[in-house]
Structures are given as C-alpha cells and as structure tokens.
Amino acid sequence: GALNYKARVADLKLTVRQDTDHALIAAGTVPVILRWNPQWQAEAAGDMNVRVQSDGLSIAFLNAFSGEAAQNIAGIIALDVTARGPMTKPTIRGAFQLKDGGLGIKPLGVQIAAINADGTFDGQTVSLRQISARARDGRLNGSGILSLKDYSPEDFKVSLALSRWPAIETQRYRAMVAGN
Numbered sequence: 780g781a782l783n784y785k786a787r788v789a790d791l792k793l794t795v796r797q798d799t800d801h802a803l804i805a806a807g808t809v810p811v812i813l814r815w816n817p818q819w820q821a822e823a824a825g826d827m828n829v830r831v832q833s834d835g836l837s838i839a840f841l842n843a844f845s846g847e848a849a850q851n852i853a854g855i856i857a858l859d860v861t862a863r864g865p866m867t868k869p870t871i872r873g874a875f876q877l878k879d880g881g882l883g884i885k886p887l888g889v890q891i892a893a894i895n896a897d898g899t900f901d902g903q904t905v906s907l908r909q910i911s912a913r914a915r916d917g918r919l920n921g922s923g924i925l926s927l928k929d930y931s932p933e934d935f936k937v938s939l940a941l942s943r944w945p946a947i948e949t950q951r952y953r954a955m956v957a958g959n
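For reference, each letter of the sequence shown is one residue, going 780 to 959 in our numbering.
The structure is reproduced here in structure tokens:
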C-alpha cells in the first residue's frame, strides 16, 4: 500500500491480502492537518472520500474471536462501500453480499449452513434485501431494514419465513419452528 501526504491531504491506497484469492482494497483521500510542534497532532480538515472494496474475503478469521458460543464460522463476504463527508460523521453508502456462510451455535446445538445474504447501505438505512439459510431439514428466508440515527439503530423491521427450523437441538431439548 501507499500513503502520501501533500497540501494537507492524505492520499491512501491500501491492499490487504488475506491469501492469493482474497483481498480488501481501500483507496481515497482524507484531509488532515499534521503538526509536530509542540507535540504530534493530527486534525481532520475537511471531507473524506474513501472507497473500500473486495470481491470476496473469507470470514473464517472470526472464529478466533467467537469464543464458545459460535463455532465453524465460514463464508465469503464481498463489499463495495464508500465513506464521504466529515471524518466525524461520514455518509456510508454501498453494498455487501455473503455467500456460502455457515456457523454452529454451540449452546443451541444448531449448525446453520448455506447462509446467503445481500444488502445495501444508503447513509440512513441498512437494507437486507434477502437472507436465506439452512439448518438440517429447516429453511429460513427473509429480508429486513435497519434505520439509523447517528449510526445507532433507531428502527428495525424484519420479515422471516421459517420451515422446520431447529430452534434448539441438544441432548436434552429439541424444538422446531415454522411460520412467517
């Protein structure tokens, strides 16, 4: 990657390679005033314009942070996101997609597979256009929208259709869920 600073603007080009097939690319400009006297200081000086893009990253690295509750996290996430505006409150827009996801929820004894989802960010909302998954003989399909205010959830609407979905499947308990 490269970071160039000239005329109070940091120009960044960064590539993070997960492996030979998976990479994350970030590029853009961030206006910033750098000072070294009397001590080192960096101060936002205008609107940023940054794009982060990946055709696919494995999310298996999340297993290192999941603890006992979630295991066998898998899938490929693709994204194309821009952040524009003041560094303290940029507008985030773009799209994301999860393919071939999976995870085990150990306390419930449920292994979820074939998780596929796609959605968008438009600055004020996160829209989940579709999500689907399987768990044993069960199926889940749905969509949703999350409204944001100052980057915090304000309103959330979800529509799910479940068929023979295993809510819990342990040695002691077994429960299936179905409905809209």
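From the three backbone atoms N, C-alpha and C, an ideal C-beta is built for every residue, glycine too.
Among the options, nearest to residue i - alpha-carbon criterion
i: F900; options: R913, I924 and A914; result: I924
i: A821; options: Y784, H801 and V831; result: Y784
i: G898; options: G835, L907, P932 and D859; result: L907
i: Y952; options: G888, I804 and A843; result: G888
i: D934; options: T904, A946, E948 and V956; result: T904
i: P869; options: P945, K928, S922 and I804; result: K928
i: L782; options: V937, A805, G846 and L919; result: A805
i: R787; options: L836, L919 and A823; result: A823
Alpha-carbon spacing of residue i relative to residue j, whole angstroms
i: G880; j: I852; result: 7 Å
i: K885; j: Q850; result: 7 Å
i: A839; j: L793; result: 22 Å
i: A940; j: A914; result: 14 Å
i: S833; j: P865; result: 24 Å
i: N895; j: Q909; result: 8 Å
i: N959; j: S911; result: 14 Å
i: T861; j: D790; result: 15 Å
i: D859; j: A843; result: 25 Å
i: N828; j: R863; result: 5 Å
i: V811; j: W819; result: 13 Å
i: L722; j: P817; result: Given that the chain is displayed from residue 780 to residue 959, the structure contains no residue 722 and the question cannot be resolved.
i: G902; j: A874; result: 11 Å
i: R918; j: S845; result: 24 Å
i: G807; j: G825; result: 13 Å
i: S922; j: H801; result: 27 Å
Host beta strand (DSSP E) of residue i (start-end)
i: R918; result: G917 to K928
i: L842; result: In the sequence under discussion, the amino acid at residue 842 is Asn, which differs from the Leu named in the question. Here N842 belongs to no beta strand (DSSP E), and DSSP marks it neither H nor E.
i: D955; result: It should be noted that the sequence gives Met, not Asp, for residue 955. Note, M955: beta strand (DSSP E), R953 to G958.
i: Q909; result: T904 to A914
i: L782; result: A781 to K785
DSSP beta-bridge partners of residue i
i: G881; result: A853
i: D800; result: Beta-bridge pairing links D800 to no other residue.
i: G864; result: M827
i: G898; result: F875 and L907
i: A806; result: K792 and R830
i: E948; result: R953
i: P932; result: L927
i: L887; result: Partner(s): none; L887 has no beta bridge.
i: A940; result: N920
i: A892; result: R913
**Message:** List, from N- to C-terminal side, the beta strand (DSSP E) runs of 3 residues or more that fit wholly inside the stretch 810-840.
**Reply:** The stretch 810-840 contains these whole beta strand (DSSP E) runs: 820-823 and 826-837.
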